[in-house]
Every structure is written in structure tokens, then in C-alpha cells.
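Here's the structure we're looking at; comments come further down.
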Amino acid sequence: MKARVFAPVNVALIKYWGKSDEKLRIPVNSNLSVCLEKLGTETTVEFKKHLKRDKVVINKKKVSGREKDRVVKHLDRVRKMADIDWKAEVISENNFPTGVGLSSSASGMAALSLGATKAAGLDLSEKDLSRLARLGSGSACRSMVDGWVEWVKGDSDKNSYAKSVFNKDHWDLKILVVVLSQKKKKISSSKGMAEAKTSEFFKTRIKGMENKLRKIKQAIKDKNFSLVGKIMENEALNMHAVMLTQRPSLIYWLPETVRVMKAVQDFREEGSECYFTVNTGQNVLVICEEKNEEKLVKKLKNINGVIEIRRDRIGRGARLFT
Ligand code: DP6
């Protein structure tokens, strides 16, 4: 009753910020992301007969409190589905900085969903795995699926899940992860998102979402890099406009974050086309075409405050190690 899995980080081009059902984690709007090839979480889950309590180790540290509760709750969902009561040992490792806006809860919960169901002897469909991951952390449902992924919002537990809209080989764009600080954010996405509706801009944001999603899917289909980039960057700023004006206000950026965002816009003017997006944290994700990658890595490295650049590309969803 043991399984070892890998689940990728995913980067949202069209964001999820606001739930219509808190408990079921149903998003207010459908959204879209890409899975990364390298950045992600490796997790081993083992159900053991004589274990008294679940044991959870994340990044080599035994966790307790709220962090552990979230994992145990998810294990309970799987135990219920498989009709077992054995406790589990979960060992999970991220190959990237955690809690700094790089979606560790997405890759972590996706890995836990696949690992725990496999270890429990279940063989769920991709859709059902995505639905299960969603209950652990909304954006995790997108890390279950290959390549370019749409999370169709739906309106119930049954029909809110992620599906692949283009596979990873559709278009080989590069994603540069700009690490600015390892300092953990103070307010989690879940907590921050719960107040999204207090921004007077929230309603306006949501009104434009369906149209935006339709436009970006067409641009991805046409491989129109400028249009995809423009929509993505504008969408990130749109979400942050809501965050900034929520009550209480959420400012996830550091001065360095703004520095990188402005530099990206300058690089574009100088002829190296690239676009940014930012989640709930200080670090910046930059998207570019292969022809500009080397040049941009050098330019980004030179910005004051940049610790490292992780190079990545579009990859598959969660999978089992055999
Ligand atoms: C800003 O999926 O972490 O990264 O469902 O409450 O666990 P919960 O939230 P989570 O939120 C991610 C928010 C985001 C945008 C996105 O990835 O779409």
C-alpha cells in the first residue's frame, strides 16, 4: 500500500481568485494554466496497518498543526473512498522554494491526491483525480492534467475540474522563474481569496473573464505569442488590482517584484519579447520564446535583488513513478 509520485507546479495565465463555494472550492470563474516540466513535488504515501496516527514530513520536517490537518483531511477523503482505516506516512519534497508564490499547495495537493489514491489501491480517472485534488487546494486540480489546462468552473463537486486544452507539445514556450526571496508570505491564498469580494473591482473583473478566456484559448491555438503574453500580463495586474483594493488590502509584492515587472516591460521595448505574471507571493514568472531565452536569463540575473532564475518549460500533469 505504497506509491511514489511527482506532480508539477502550474502557472496560471488566467487566474483563480474568488470562490463561489468555499467548502467545495468552486471558483467564481473558469481559469487556465500551464504545467511546468521540472518544478514540482515528489511525494511518497504509504498506508500502514499498525500506525497509530498519520505522519507527515514536508521538506524533511515533520509537520503539525494546520499544515498537517490539511493533509490528514485529504487522506480522510481518500480513506473514505477506498473504505480503509489505516493511517499513512506521507513524505513530500518540493524542488523549489515553498510559500513564496510558486504554487506549492497546487503541486503538493496534486501529488498527495495521486499518491494516496494509488497507495490505497484506487484507480481514478483523470477527471476524478482532478476533482479530488480540487478539494485539497483549488489550483491543485490543474496540476493533474497535461500541458495547457482549463479548470472549468462548473457549479457542483461533480462538474468543477480541470481538463487539458492543448498538450505539452502544442507549443514549446519557456518559463523563467525569477526567485527574489525565500521569505514566506504572511497571508495564504485561501485566506486572501476569501476577501476578494470586498474589492469594488471584483465584479468588474469577473464580468470580463469568459471573454478573456475565450480570447487567450484562440491565441494559444494560433500560437500568437504577443497576444497570449499581453492577455496574461494584463490578467495578473487585474487580479492584483483586486488584491490591492480588498479589505484588508493585500500587497504580495516586494520592491524587487515591481523592479522585475518594470524590467520585463523595458526588455520588451528593447526587442526581447517577454511577459510576466505574479501569484500570491513576491516571485515573478516570465514567459518567452526559445529564441530570446538565453538573452533574457542574462538580463534578469543582472537585476538587483534576483537570487536565481529557474528555467522551465511546459510539461505533463501528475504521474506515478514505476
Ligand atoms: C493566486 O489554489 O492556493 O495562485 O483553493 O484556497 O487552496 P485554495 O487556493 P489556491 O489559490 C491560487 C491562487 C493564485 C491564482 C491561480 O493559481 O490561479
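Under the numbering used here, think of the first position of the sequence shown as 9, with each following residue one higher. Beta carbons are placed, not taken as given, at the ideal position from N, Cα and C, and that holds for glycine. As the structure is a computational prediction, the values presented were derived from the model and not from experiment.
Beta-carbon proximity check, residue 176 vs residue 323, cutoff 7 Å: Reading the sequence shown from its first residue, position 168 is the one you call residue 176. Reading the sequence shown from its first residue, position 315 is the one you call residue 323. Cβ distance < 7 Å, so residue 176 and residue 323 count as in contact.
Beta-carbon separation (whole angstroms), residue 104 vs residue 19, contact threshold 8 Å: Position 96 of the sequence shown, counted from the start, is the residue given in the question as residue 104. Position 11 of the sequence shown, counted from the start, is the residue given in the question as residue 19. Here residue 104 is actually not in contact with residue 19; their C-beta atoms are around 12 Å apart, not less than 8 Å.
Other residues of its chain near residue 125: CB distance less than 6 Å, five sequence neighbours each side excluded: Counting from one through the sequence shown, the residue named residue 125 turns up at place 117. Answer for residue 125: 86, 132, listed in chain order.
Residue 333 - partner residues in DSSP beta bridges: For residue 333 there is no data in the structure shown, the boundaries of the chain being 9 and 330.
Rounded distance between the beta-carbons of residue 293 and residue 183, thought under 8 Å: The residue you call residue 183 lines up with position 175 of the sequence shown. The residue you call residue 293 lines up with position 285 of the sequence shown. With a Cβ gap of about 6 Å, residue 183 and residue 293 count as contacting.
Proximity test, residue 312 beta-carbon vs the ligand DP6 heavy atom, cut-off 6 Å: Within the sequence shown, residue 312 is the residue found at index 304, counting from 1. Residue 312: no, Cβ never under 6 Å from the ligand DP6.
Residue closest to residue 60, alpha-carbon to alpha-carbon, out of 115, 95, 54: On the sequence shown, position 52 is the one that residue 60 refers to. When only C-alpha atoms are compared, the closest one is 95.
Closest Cα partner of residue 187 within the set 254, 268, 162, 252: As a first step, residue 187 must be located in the sequence shown, where it is residue number 179. Comparing Cα-Cα distances from residue 187 to each of 254, 268, 162, 252, the minimum goes to 268.
Short Cβ contact (7 Å threshold) for residue 274 with residue 45: Sequence index remark: in the sequence shown, residue 274 carries index 266 (1-based). Sequence index remark: in the sequence shown, residue 45 carries index 37 (1-based). Cβ distance not < 7 Å, so residue 274 and residue 45 don't count as in contact.
Pick from 207, 242, 32 that is closest to residue 258, judged by C-alpha positions: Start at 1 with the first residue of the sequence shown, and residue 258 comes out as number 250. Answer by Cα proximity: 207.
Cα-Cα separation between residue 50 and residue 15, rounded to whole angstroms: For the purposes of this step, residue 50 is identified with residue 42 of the sequence shown, where counting begins at 1. For the purposes of this step, residue 15 is identified with residue 7 of the sequence shown, where counting begins at 1. Answer to the nearest angstrom: the Cα atoms are 7 Å apart.
Residue 246 beta carbon near the ligand DP6 (any heavy atom closer than 6 Å): By one-based count along the sequence shown, residue 246 stands at place 238. Not so, every heavy atom of the ligand DP6 lies at least 6 Å from the Cβ.
Separation of residue 37 from residue 219, as counted between CA atoms: Residue 219 sits at position 211 when you count from the first residue of the sequence shown. Residue 37 sits at position 29 when you count from the first residue of the sequence shown. If you take the alpha carbons of residue 219 and residue 37, they lie about 11 Å apart.
Residue burial classification, residue 328 (beta-carbon count within 10 angstroms, cutoff 16): Working through the sequence shown from its first residue, we reach residue 328 at position 320. So residue 328 ends up on the exposed side.
Three-way DSSP call (helix, strand, coil) for residue 134 in this model: Within the sequence shown, numbered from 1, the residue matching residue 134 stands at position 126. If DSSP states are grouped into helix, strand and coil, residue 134 belongs with the helices.
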